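Which chain is which? The protein sequence lines are A and B, in order. Once you know that position 308 of the first sequence is 395 in the numbering used here, the rest is easy, because the numbers rise by one and skip nothing. Once you know that position 7 of the second sequence is 94 in the numbering used here, the rest is easy, because the numbers rise by one and skip nothing. Quick reminder that beta carbons are idealized off the backbone N, C-alpha and C, glycines included. A quick note: this is a predicted structure, and the numbers were derived from the prediction, not measured.
There are 2 protein chains.
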Amino acid sequence: MFRVLNQENIKDILDLRSVISIVEKAYTLKEKNEASLFPMVFHEFDPGKADMDIKSGELSGANIFGLKLVSWFGENPEKGLPAVIGTVLVLDSRTGEPLGIMSGEYITMMRTGAAGGIGAKYLARKDSEELLLVGSGHLGPYQIMSTLMVMENIKRINVYNARSYDSAKKFCDLVKDKLLQLIAPYKNQDQEFYNQLLQRINIPISATNDIEQATKSADIIITATPSRQPIIKKEWVKPGTHFSCVGADMQGKQEIEEQIFAISRVFVDDVNQAISVGETEIPYIKEIINTDEIISEIGSVILGQTVGRLNDEDITIFDSTGISLQDLLTANFILEEAKERQIGIVTTL
Amino acid sequence: MFRVLNQENIKDILDLRSVISIVEKAYTLKEKNEASLFPMVFHEFDPGKADMDIKSGELSGANIFGLKLVSWFGENPEKGLPAVIGTVLVLDSRTGEPLGIMSGEYITMMRTGAAGGIGAKYLARKDSEELLLVGSGHLGPYQIMSTLMVMENIKRINVYNARSYDSAKKFCDLVKDKLLQLIAPYKNQDQEFYNQLLQRINIPISATNDIEQATKSADIIITATPSRQPIIKKEWVKPGTHFSCVGADMQGKQEIEEQIFAISRVFVDDVNQAISVGETEIPYIKEIINTDEIISEIGSVILGQTVGRLNDEDITIFDSTGISLQDLLTANFILEEAKERQIGIVTTL
Numbered sequence: 088m089f090r091v092l093n094q095e096n097i098k099d100i101l102d103l104r105s106v107i108s109i110v111e112k113a114y115t116l117k118e119k120n121e122a123s124l125f126p127m128v129f130h131e132f133d134p135g136k137a138d139m140d141i142k143s144g145e146l147s148g149a150n151i152f153g154l155k156l157v158s159w160f161g162e163n164p165e166k167g168l169p170a171v172i173g174t175v176l177v178l179d180s181r182t183g184e185p186l187g188i189m190s191g192e193y194i195t196m197m198r199t200g201a202a203g204g205i206g207a208k209y210l211a212r213k214d215s216e217e218l219l220l221v222g223s224g225h226l227g228p229y230q231i232m233s234t235l236m237v238m239e240n241i242k243r244i245n246v247y248n249a250r251s252y253d254s255a256k257k258f259c260d261l262v263k264d265k266l267l268q269l270i271a272p273y274k275n276q277d278q279e280f281y282n283q284l285l286q287r288i289n290i291p292i293s294a295t296n297d298i299e300q301a302t303k304s305a306d307i308i309i310t311a312t313p314s315r316q317p318i319i320k321k322e323w324v325k326p327g328t329h330f331s332c333v334g335a336d337m338q339g340k341q342e343i344e345e346q347i348f349a350i351s352r353v354f355v356d357d358v359n360q361a362i363s364v365g366e367t368e369i370p371y372i373k374e375i376i377n378t379d380e381i382i383s384e385i386g387s388v389i390l391g392q393t394v395g396r397l398n399d400e401d402i403t404i405f406d407s408t409g410i411s412l413q414d415l416l417t418a419n420f421i422l423e424e425a426k427e428r429q430i431g432i433v434t435t436l
Numbered sequence: 088m089f090r091v092l093n094q095e096n097i098k099d100i101l102d103l104r105s106v107i108s109i110v111e112k113a114y115t116l117k118e119k120n121e122a123s124l125f126p127m128v129f130h131e132f133d134p135g136k137a138d139m140d141i142k143s144g145e146l147s148g149a150n151i152f153g154l155k156l157v158s159w160f161g162e163n164p165e166k167g168l169p170a171v172i173g174t175v176l177v178l179d180s181r182t183g184e185p186l187g188i189m190s191g192e193y194i195t196m197m198r199t200g201a202a203g204g205i206g207a208k209y210l211a212r213k214d215s216e217e218l219l220l221v222g223s224g225h226l227g228p229y230q231i232m233s234t235l236m237v238m239e240n241i242k243r244i245n246v247y248n249a250r251s252y253d254s255a256k257k258f259c260d261l262v263k264d265k266l267l268q269l270i271a272p273y274k275n276q277d278q279e280f281y282n283q284l285l286q287r288i289n290i291p292i293s294a295t296n297d298i299e300q301a302t303k304s305a306d307i308i309i310t311a312t313p314s315r316q317p318i319i320k321k322e323w324v325k326p327g328t329h330f331s332c333v334g335a336d337m338q339g340k341q342e343i344e345e346q347i348f349a350i351s352r353v354f355v356d357d358v359n360q361a362i363s364v365g366e367t368e369i370p371y372i373k374e375i376i377n378t379d380e381i382i383s384e385i386g387s388v389i390l391g392q393t394v395g396r397l398n399d400e401d402i403t404i405f406d407s408t409g410i411s412l413q414d415l416l417t418a419n420f421i422l423e424e425a426k427e428r429q430i431g432i433v434t435t436l
């Protein structure tokens with residue numbers, strides 16, 4: 088049986104706490120060699136205007152394999168269509184049977200949000216109080232919410248947009264509603280958790296136009312931009328800072344100065360992908376860091392095989408390039424829930 | 088709108104004459120740089136027991152892109168499942184929107200049959216009378232039918248199976264029914280064509296266990312096996328023979344002796360794929376042929392830009408590795424027909 092789910096079905100099913108634990112599981116399966124990535128396929132239809140990639144992989148530890156195809160057509164919004172469209176196909180790794188297909192956009196937001204939070208959970212100081220979010224786009228609310236779920240002491244959040252202070256302000260005006268939506272699934276399901284989160288999202292979330300000062304006072308910095316120029320300078324970074332860099336997913340993208348890698352403990356989701364298309368790419372090309380100097384993939388930290396942060400002075404980086412295993416395991420969770428709840432279209436291929 | 092089609096829907100829609108013309112178009116779009124292949128992804132779950140590949144590409148000339156994922160699980164038949172399962176996903180190359188998904192098995196058989204026939208149509212002697220089919224598996228009837236559709240003078244067909252003469256005999260006993268099924272779409276649609284084909288499939292189709300003699304008397308040889316050992320020897324090949332080699336699609340596969348490449352005019356569907364995984368791979372590795380010595384891709388011959396056969400003495404080879412463009416353009420034809428005829432499930436993703 089083959090199941091087809093649309094964006095609405097997925098939003099009905101998926102909650103961020105589950106996705107955080109699913110993404111952790113994806114990372115650990117990879118570490119245990121019960122999951123692996125296949126080579127990425129990338130094609131530019133029209134350089135700078137339209138491209139697509141196919142990220143695929145297998146999680147034999149979860150009996151699935153499959154792919155996510157994501158396309159970006161910059162001129163789509165003029166046609167009333169989303170610029171980014173994603174599709175996830177999941178198959179059974181014991182038989183090759185296709186299990187289901189679904190929209191990939193919401194999954195991508197959720198699993199990327201989870202990744203940023205997981206970076207903080209395993210690498211940031213437990214007493215971290217101030218989060219700096221660099222970038223005020225669609226990914227922002229997911230990054231904030233997952234960090235608030237996993238870091239108990241966050242007391243204030245600054246939001247910076249390198250291109251437009253107004254955009255950051257607008258983001259802060261609207262973000263509470265988005266956060267409320269993200270915690271809505273717990274309202275009936277887990278009242279206590281819901282009330283906790285309701286308090287946590289009540290902290291100040293403010294736009295800043297002083298990135299130097301905001302960096303200097305931040306405990307956790309999450310970068311979620313499509314930038315090709317470093318936004319954060321090394322000289323601003325205080326000891327003990329944690330970075331979750333989730334924006335870079337393509338050659339040439341860079342959000343923080345490459346020299347920060349020289350003074351940091353660096354963790355990645357996938358070494359090959361990190362040095363090819365992640366935040367680690369530029370420092371790797373400039374020989375500031377080699378693969379031996381990457382401490383480990385994050386799965387090893389989650390499993391307790393590698394120590395993340397050694398002390399409160401360490402600067403840590405989690406380079407989350409976004410791996411297919413996150414999407415596939417999340418999609419499989421959705422398929423299982425959909426089966427349970429009889430959601431979506433069921434057919435044969 | 089996203090359309091989901093199953094194997095039955097596809098069989099209702101697809102006919103071999105259409106597929107031949109679609110596959111020709113796919114080849115010519117590639118030649119005109121209105122279509123291109125993306126790198127292939129290949130993964131072995133369990134070497135020799137289970138693998139999968141993802142072949143993708145774009146046909147901007149037809150406004151589509153997409154992929155075919157094919158898995159092979161050798162132990163599936165014991166579970167009552169087909170060993171080979173394929174899925175084709177088609178998207179709009181102007182917007183990235185997914186257009187539809189469908190089963191890939193029947194498409195693969197049809198487009199591979201078309202490819203073998205197209206090789207003969209453009210490269211074999213027009214007066215070819217005898218076809219030798221090497222291999223008596225699922226692909227066989229499609230190879231025979233497409234060759235009969237495009238070569239008017241075929242008078243007899245020999246079928247050889249290197250492992251089992253009985254299998255070849257059984258194949259010949261059953262093939263007429265399969266051919267009748269393949270021409271059934273024309274019964275109402277094009278009575279004249281149907282009657283022509285009905286006559287053509289009435290020629291003798293016989294099993295042989297003398298591959299030397301069968302090779303010596305053949306005008307056209309189609310190899311459609313998963314062999315890793317050459318079956319046809321160079322010394323048996325008579326001047327004027329045409330080969331369509333459709334079996335090799337993976338490293339190490341080989342159906343005809345590599346030295347045959349030294350005395351032949353060689354054409355391929357895609358140069359890179361041919362030297363990596365096609366029949367051309369072994370002669371290429373053994374330096375019997377280099378890429379400059381491949382006369383052209385077949386699209387160039389179809390467009391009349393390259394002469395296929397220079398004279399009646401030439402030995403010609405078409406190495407059909409099977410390219411995603413064949414699947415995608417065929418799948419797009421199916422989607423258009425399905426829309427017209429309101430077949431399949433229509434939904435949004």
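C-beta neighbour in chain B for residue i, strict 9 Å
i: A:F354; result: no
i: A:V364; result: no
i: A:Q94; result: yes
i: A:E184; result: yes
i: A:V246; result: no
i: A:R428; result: no
i: A:I402; result: no
i: A:I55; result: Limits of chain A in this structure are 88 at one end and 436 at the other, which puts residue 55 of chain A out of reach.
i: A:L178; result: yes
i: A:I410; result: no
i: A:T417; result: no
i: A:S147; result: yes
Alpha carbon of residue i to alpha carbon of residue j, nearest angstrom
i: B:L210; j: B:F348; result: 15 Å
i: A:I362; j: A:Y371; result: 6 Å
i: B:I375; j: B:T403; result: 15 Å
i: A:K166; j: A:Y193; result: 21 Å
i: A:R181; j: A:L412; result: 17 Å
i: B:N282; j: B:Y273; result: 9 Å
i: A:P169; j: A:N163; result: 6 Å
Burial state of residue i, where buried means 16 or more other Cβ atoms lie within 10 Å
i: A:G391; result: exposed
i: B:Q316; result: exposed
i: A:T199; result: buried
i: A:K263; result: exposed
i: A:L284; result: buried
i: A:D260; result: exposed
i: A:V394; result: exposed
i: B:M238; result: buried
i: A:A249; result: buried
i: A:D406; result: buried
i: B:Q268; result: exposed
Secondary structure of residue i, DSSP reduced to three states
i: A:N245; result: strand
i: B:L101; result: coil
i: B:S108; result: helix
i: A:L146; result: strand
i: B:F125; result: coil
i: B:T182; result: coil
i: A:L220; result: strand
i: B:G203; result: helix
i: A:E239; result: coil
Residue-level contact to chain A via CB, residue i, 9 Å cutoff
i: B:I151; result: no
i: B:S143; result: yes
i: B:M88; result: no
i: B:T302; result: no
i: B:R181; result: yes
i: B:I188; result: yes
i: B:I100; result: no
i: B:N163; result: yes
Check your understanding: the stretch 127-139 of chain B: which residues have C-beta closer than 7 Å to a C-beta of chain A, in chain order?
Key -> V128, H130, F132 and M139
Exercise for review: Note down, in chain order, all residues in the stretch 220-236 of chain B with a beta-carbon under 8 Å from any beta-carbon belonging to chain A.
Suggested key: none
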